[in-house]
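Please read the structure below before turning to the comments.
Protein chains: 2
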Amino acid sequence: MPVTLKDIAEKLNISITTVSKALKDYPDVSKKTKRLVKETASLLNYKPNSFAVNLRTKESKTIGLIIPEIVHHFFSSVINGIINQAEKKGYLVIILQSNESYELEKKQIDLLLAKRVDGILISLANESTDYSHLNEILNQNVPLVMFDKIAKLVNCSKVIINDRQAAAIATQHLIDIGCKHIAHFRGPLLPQNSIDRFLGYKKTLLDNNLKYDSSLVYISDDMSFENGKTNISKMLSEHEHVDGIFINTDLVAVGAIAELNNRGIKVPEDIAIVGFSNWFMSSVISPKLTTINQPGFDMGKQSFKLLYKEIKASKKNNPLVPKTVVLDTDLIIRETTSSTR
Amino acid sequence: MPVTLKDIAEKLNISITTVSKALKDYPDVSKKTKRLVKETASLLNYKPNSFAVNLRTKESKTIGLIIPEIVHHFFSSVINGIINQAEKKGYLVIILQSNESYELEKKQIDLLLAKRVDGILISLANESTDYSHLNEILNQNVPLVMFDKIAKLVNCSKVIINDRQAAAIATQHLIDIGCKHIAHFRGPLLPQNSIDRFLGYKKTLLDNNLKYDSSLVYISDDMSFENGKTNISKMLSEHEHVDGIFINTDLVAVGAIAELNNRGIKVPEDIAIVGFSNWFMSSVISPKLTTINQPGFDMGKQSFKLLYKEIKASKKNNPLVPKTVVLDTDLIIRETTSSTR
Chain A
1 MPVTLKDIAE KLNISITTVS KALKDYPDVS KKTKRLVKET ASLLNYKPNS
51 FAVNLRTKES KTIGLIIPEI VHHFFSSVIN GIINQAEKKG YLVIILQSNE
101 SYELEKKQID LLLAKRVDGI LISLANESTD YSHLNEILNQ NVPLVMFDKI
151 AKLVNCSKVI INDRQAAAIA TQHLIDIGCK HIAHFRGPLL PQNSIDRFLG
201 YKKTLLDNNL KYDSSLVYIS DDMSFENGKT NISKMLSEHE HVDGIFINTD
251 LVAVGAIAEL NNRGIKVPED IAIVGFSNWF MSSVISPKLT TINQPGFDMG
301 KQSFKLLYKE IKASKKNNPL VPKTVVLDTD LIIRETTSST R
Chain B
1 MPVTLKDIAE KLNISITTVS KALKDYPDVS KKTKRLVKET ASLLNYKPNS
51 FAVNLRTKES KTIGLIIPEI VHHFFSSVIN GIINQAEKKG YLVIILQSNE
101 SYELEKKQID LLLAKRVDGI LISLANESTD YSHLNEILNQ NVPLVMFDKI
151 AKLVNCSKVI INDRQAAAIA TQHLIDIGCK HIAHFRGPLL PQNSIDRFLG
201 YKKTLLDNNL KYDSSLVYIS DDMSFENGKT NISKMLSEHE HVDGIFINTD
251 LVAVGAIAEL NNRGIKVPED IAIVGFSNWF MSSVISPKLT TINQPGFDMG
301 KQSFKLLYKE IKASKKNNPL VPKTVVLDTD LIIRETTSST R
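Protein chains in written order, with the UniProt record's numbering: chain A, 1 to 341; chain B, 1 to 341.
Encoded structure:
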């Protein structure tokens with residue numbers, strides 16, 4: 001058991017109150033007693049009980065983070081950015097994983113609220129369409145910041161990229177290198193970022209007077225390596241002329257490339273590919289993947305910074321004005337769209 | 001601000017003590033008052049203050065986890081295993097990253113102890129050679145479990161793999177497919193797992209009557225992709241006859257393969273390679289990497305299970321008997337050691 005004030009009091013044969021006052025430098029305790037108490041506390045390795053401290057300050061100095069998936073290059077980069085920044089400000093981070101499940105996400109928010117965290121950071125599960133659990137956080141006046149996978153309708157601060165614009169840049173790049181029949185492997189139907197990337201793809205085709213054909217849009221349900229392989233097989237059996245694919249996320253793109261390699265279809269000569277996220281793996285597979293760089297570490301850092309400001313404002317009972325931070329992305333051109341095609 | 005007992009008391013015009021007693025079903029409060037209080041608490045969405053609860057039960061239901069690196073396939077799998085298991089038992093996990101720094105690791109342990117976590121899980125930073133900060137955890141009777149990168153001399157429970165045996169299996173496989181001049185890219189000098197893998201490599205050479213040549217052992221200081229490339233360049237300039245390499249970790253092996261591909265040196269025909277960890281990437285690069293499968297998710301799960309048992313035992317003041325769990329590994333044979341060489 002940790003050393004308590006009582007242990008120090010017993011050792012010195014004085015009252016617990018005197019020990020407590022001595023440690024807090026109250027003026028009605030003699031210098032000699034203070035010195036004695038502090039030396040004993042140090043000797044016994046006494047540490048103030050942080051729960052008791054919390055009860056006084058009403059701060060837990062702990063925040064909660066809920067993400068859909070941990071074993072994922074992008075999200076682990078975000079976590080890295082968050083805990084780095086949090087540590088600088090003396091905050092600890094409790095991490096929970098929703099596994100893309102709405103039910104789990106809801107339960108985890110309850111857990112964090114019961115734990116009285118000072119604020120919550122969240123990237124939504126694909127399944128989440130009802131937002132009452134998020135509004136519950138705001139109703140309790142607990143600061144909330146959403147990042148990457150957000151709900152537009154929830155009135156809180158957000159850190160995002162411009163998914164529509166990034167998708168437009170990716171699609172325009174395929175058009176610029178000469179692709180005329182461009183397919184899209186999109187994410188699931190619900191997440192906002194999956195919708196926005198699809199809309200960016202569609203609009204760019206139309207802006208360039210290319211036909212938009214909905215049968216060229218394939219869904220990757222669980223955004224997996226396998227999805228990439230099966231989508232390629234399906235696409236090849238249904239369409240002959242596809243010469244470029246914009247793929248919602250790198251892992252699916254890597255699966256697609258593996259399947260094209262297996263079938264002896266040349267990338268980029270026969271089919272050019274652009275991915276999304278700039279996972280490290282994209283730079284070492286063969287051929288190397290052209291992709292949109294999504295700034296995971298920075299997104300984590302900015303999300304914590306926003307949350308921290310809101311925690312401070314909320315402590316002073318200042319009104320919160322939700323803010324949306326949009327981070328820059330870049331197109332990283334590599335071999336899957338090389339100009340030699 | 002969250003709803004407090006005071007809010008309920010004011011609303012009903014009764015004392016805070018009565019509210020508190022009513023919620024706890026004390027016999028000296030009337031049934032009517034209890035019902036009224038409970039209904040009001042539910043209406044106002046009152047949640048008991050977890051800090052106050054903690055003060056009573058002396059349990060935070062929170063554990064701390066310190067790992068060297070988050071953006072790392074193996075460690076993110078371990079985290080996944082830990083938080084999955086912890087959630088099942090109602091525990092939350094605070095995650096900190098030591099960045100392989102001893103100083104940071106020490107500071108983080110202090111933070112977690114001050115936070116009064118119920119237990120700590122740790123995989124050591126490469127720099128950690130002094131263990132007083134770990135013994136400090138034990139001195140405070142806080143349960144501690146180390147995993148993967150452990151300190152043999154610290155008397156706590158551990159979850160590990162048999163690194164020496166796994167390295168022996170990897171090296172033996174290279175010998176079995178006909179390699180005679182086998183190099184080793186090892187990890188830094190201090191971590192126990194890096195030492196053990198090296199010893200497994202060395203012993204296997206000697207057991208097979210092959211010469212051990214220390215100049216064939218190259219260090220990967222930061223275990224990076226770049227390390228793999230530079231080690232290959234250095235090795236090729238110093239040795240002509242190397243026909244196999246056992247590499248301490250997959251990321252370095254992937255860098256090595258990239259450099260060999262660049263130079264037109266054929267893998268496995270000219271040089272065969274075995275990695276370590278079975279990172280997902282290993283199965284999609286070209287050629288696909290033969291490697292030792294390290295069970296990250298299971299290691300996380302087993303580590304939490306051990307910690308949980310110790311937390312329960314410590315609550316009952318039962319003596320702790322440190323236990324070491326050794327998990328199985330397998331050799332996954334792929335193209336970098338294919339038998340066609």
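Each residue gets a CB set at the ideal place from its N, CA and C atoms; glycine is no exception. Just so you know, these numbers come straight off a predicted model, no measurement behind them.
(request) Take every Cβ of the region 169-186 of chain A, pair it with every Cβ of the region 228-246 of chain A, and state whether three or more of those distances are shorter than 8 Å. (result) yes
(request) Please list the residues of the region 257-291 of chain A that have a C-beta atom closer than 7 Å to any C-beta atom in chain B, keeping them in chain order. (result) Ala258, Met281, Val284, Ile285, Ser286
(message) For Leu236 (chain B), report the span of its alpha helix (DSSP H) as first-last.
(response) Residue mapping note: residue 236 (chain B) aligns to position 236 of the second sequence, counting from 1. First-last of the alpha helix (DSSP H) with Leu236 (chain B): 225-238.
(request) Find out if the Cβ-Cβ distance for the pair Leu327 (chain B), Val159 (chain B) is shorter than 8 Å. (result) Working through the second sequence from its first residue, we reach residue 327 (chain B) at position 327. Working through the second sequence from its first residue, we reach residue 159 (chain B) at position 159. The answer is yes: Cβ separation under 8 Å.
(request) Work out the CA separation of Gly64 (chain A) and Thr116 (chain A) for me, nearest whole Å. (result) In the first sequence, residue 116 (chain A) corresponds to position 116, counting from 1. In the first sequence, residue 64 (chain A) corresponds to position 64, counting from 1. It should be noted that the sequence gives Arg, not Thr, for residue 116 (chain A). Going from the Cα of Arg116 (chain A) to the Cα of Gly64 (chain A) covers about 10 Å.
(request) Using beta-carbon positions only, say whether Pro322 (chain A) and Ser128 (chain A) come within less than 8 Å of one another. (result) Stepping through the first sequence from its first residue, residue 322 (chain A) is reached at position 322. Stepping through the first sequence from its first residue, residue 128 (chain A) is reached at position 128. It is not a contact, given that the beta carbons lie outside the stated cut-off.
(request) Establish whether the CB of Ser303 (chain B) and some CB of chain A are separated by less than 8 Å. (result) Translated into positions along the second sequence, residue 303 (chain B) becomes position 303. So, not an interface residue.
(request) Report the neighbours of His73 (chain A) on chain D: residues whose CB is nearer than 8 Å to its CB, in chain order. (result) The question asks about chain D, but that chain is absent: this structure's protein chains are A and B.
(request) Have a look at A:Lys152, A:Asn139, A:Asn45 and flag the residue whose alpha-carbon is nearest the alpha-carbon of Asp110 (chain B). (result) Looking up residue 110 (chain B) in the second sequence gives position 110. For the residues A:Lys152, A:Asn139, A:Asn45, the minimum Cα distance to Asp110 (chain B) belongs to A:Asn45.
(message) Between Ala86 (chain A) and Val93 (chain A), how many whole angstroms is the CB-CB distance? I'm expecting something under 8 Å.
(response) As a position in the first sequence, residue 86 (chain A) is number 86, starting the count at 1. As a position in the first sequence, residue 93 (chain A) is number 93, starting the count at 1. Ala86 (chain A) to Val93 (chain A), Cβ: 5 Å. Contact.
(request) Would you tell me roughly how many angstroms separate the C-alpha atoms of Asn278 (chain A) and Pro295 (chain A), rounded to the nearest one? (result) Taking the first residue of the first sequence as position 1, residue 278 (chain A) is located at position 278. Taking the first residue of the first sequence as position 1, residue 295 (chain A) is located at position 295. Looking at the two C-alpha atoms, the distance is approximately 9 Å.
(message) Strictly under 8 Å for the Cβ-Cβ distance: is Ser132 (chain B) near chain A by that measure?
(response) Taking the second sequence and counting its residues from 1, the one referred to as residue 132 (chain B) is at position 132. No, no contact with chain A.
(request) Determine, using beta carbons only, whether Ile182 (chain A) comes closer than 8 Å to chain B. (result) Position 182 of the first sequence, counting from 1, holds the residue named residue 182 (chain A). No, no contact with chain B.
(request) Could you tell me whether the Cβ of Asn80 (chain B) comes closer than 8 Å to any Cβ of chain A? (result) Within the second sequence, residue 80 (chain B) is the residue found at index 80, counting from 1. Closer than 8 Å to some Cβ of chain A, the Cβ of Asn80 (chain B) qualifies, so yes.
(message) For Ser338 (chain A) and Ile292 (chain B), I'd like the C-alpha separation in whole angstroms.
(response) Here residue 338 (chain A) corresponds to residue number 338 of the first sequence, with the count starting at 1. Here residue 292 (chain B) corresponds to residue number 292 of the second sequence, with the count starting at 1. One C-alpha to the other measures close to 35 Å.
(request) Note down, in chain order, each residue of its chain lying with its Cβ closer than 7 Å to the Cβ of Ser15 (chain A), except the 5 sequence neighbours on either side. (result) For the purposes of this step, residue 15 (chain A) is taken as residue 15 along the first sequence, with counting starting at 1. Hits under 7 Å: Ala9.
(request) Taking only beta carbons into account, state which residues of the region 89-108 of chain A come closer than 7 Å to chain B, listed in chain order. (result) Leu92, Val93, Ile94, Ile95, Leu96, Gln97
(message) Asp196 (chain A) and Asp163 (chain A) - do their beta-carbons sit closer together than 8 Å?
(response) Position 163 of the first sequence holds residue 163 (chain A). Position 196 of the first sequence holds residue 196 (chain A). For Asp163 (chain A) and Asp196 (chain A), yes; Cβs fall inside 8 Å.
(request) Take every Cβ of the region 301-321 of chain A, pair it with every Cβ of the region 250-263 of chain A, and state whether three or more of those distances are shorter than 8 Å. (result) no
(request) Could you list which residues in chain A have their beta carbon closer than 7 Å to that of Ser77 (chain B), in chain order? (result) Taking the first residue of the second sequence as 1, we reach residue 77 (chain B) at position 77. Going along chain A in sequence order, the residues near Ser77 (chain B) (Cβ under 7 Å) are Val71.
(request) Kindly indicate if chain A contains any beta-carbon less than 8 Å away from that of Phe51 (chain B). (result) The residue you call residue 51 (chain B) lines up with position 51 of the second sequence. Note that Phe51 (chain B) scores a pLDDT of 47, beneath 50, so its modelled location is shaky; the value from the coordinates is reported in the next line. It does; some Cβ of chain A falls within 8 Å.
(message) Counting only beta-carbon separations shorter than 8 Å, does Leu320 (chain A) have a partner in chain B?
(response) The count along the first sequence starts at 1 and reaches residue 320 (chain A) at position 320. False, the Cβ-Cβ gap to chain B never drops below 8 Å.
(message) Please list, in chain order, the chain B residues whose beta carbon lies closer than 7 Å to that of Val19 (chain A).
(response) Counting from 1 along the first sequence, the entry for residue 19 (chain A) is found at position 19. In chain order: nothing, as chain B lies at least about 18 Å away.
(message) So with CB distances below 9 Å, who are the chain A contacts of Lys47 (chain B)?
(response) Counted from its first residue, the second sequence places residue 47 (chain B) at position 47. What Lys47 (chain B) touches in chain A: Asp110, Leu113, Ala114, Arg116, Gln140.
(message) Check for me: the alpha helix (DSSP H) holding Tyr218 (chain A) runs from which residue to which?
(response) Numbered from its first residue, the first sequence carries residue 218 (chain A) at position 218. Here Tyr218 (chain A) belongs to no alpha helix (DSSP H); instead the beta strand (DSSP E) covers 217-219.
(message) Looking only at its chain, what residues have a beta carbon closer than 6 Å to the beta carbon of Gly264 (chain B), apart from the 5 residues adjacent to it on each side?
(response) Position 264 of the second sequence, counted from the first residue, corresponds to residue 264 (chain B). Counting only Cβ-Cβ distances below 6 Å, and skipping sequence neighbours, we find nothing.
(request) Could you spell out where the beta strand (DSSP E) holding Gly300 (chain B) opens and where it closes? (result) Start at 1 with the first residue of the second sequence, and residue 300 (chain B) comes out as number 300. That residue, Gly300 (chain B), is in no beta strand (DSSP E); its alpha helix (DSSP H) goes 296-315.
(message) Under 8 Å, Cβ to Cβ, is there at least one residue of chain B near Thr329 (chain A)?
(response) As a first step, residue 329 (chain A) is located in the first sequence; it is residue number 329 there, counting from the start. So, not an interface residue.
(message) Given this structure, state the Cα-to-Cα distance separating Glu69 (chain B) from Asn80 (chain B), to the nearest angstrom.
(response) As a working note, residue 69 (chain B) is residue 69 in the second sequence. As a working note, residue 80 (chain B) is residue 80 in the second sequence. Rounded to the nearest angstrom, the two C-alpha atoms are 14 Å apart.
(message) Does the CB of Val252 (chain A) have a neighbour CB from chain B at under 8 Å?
(response) Mapped onto the first sequence, residue 252 (chain A) falls at position 252. No, no contact with chain B.
(request) Run down chain A in chain order and give the residues with a C-beta less than 9 Å from the C-beta of Ile83 (chain B). (result) Position 83 of the second sequence, counted from the first residue, corresponds to residue 83 (chain B). Within chain A, the residues near Ile83 (chain B) are Ile70, Ile95, Leu96, Gln97.
(message) If I measure Cβ to Cβ from Glu59 (chain A) and keep anything under 7 Å in the same chain, skipping five residues before and after, which residues do I get?
(response) Translated into positions along the first sequence, residue 59 (chain A) becomes position 59. Closer than 7 Å at Cβ, skipping near neighbours: Asp118.
(request) Hey, could you find the ends of the alpha helix (DSSP H) Val254 (chain B) is sitting in? (result) Numbered from 1 along the second sequence, position 254 holds the residue referred to as residue 254 (chain B). Its alpha helix (DSSP H) spans residues 250-262.
(request) Output the distance between the C-alpha atoms of Met235 (chain B) and His241 (chain B), rounded to the nearest integer angstrom. (result) In the second sequence, residue 235 (chain B) corresponds to position 235, counting from 1. In the second sequence, residue 241 (chain B) corresponds to position 241, counting from 1. So the two alpha carbons sit approximately 10 Å from each other.
(message) Going residue by residue through the region 147-222 of chain B, where are the continuous beta strand (DSSP E) segments of at least 3 residues, counting only ones entirely within it?
(response) 157-161, 182-186, 217-219
(request) Starting from Asn293 (chain A), follow the beta strand (DSSP E) in both directions and report where the run begins and ends. (result) As a first step, residue 293 (chain A) must be located in the first sequence, where it is residue number 293. First-last of the beta strand (DSSP E) with Asn293 (chain A): 290-293.
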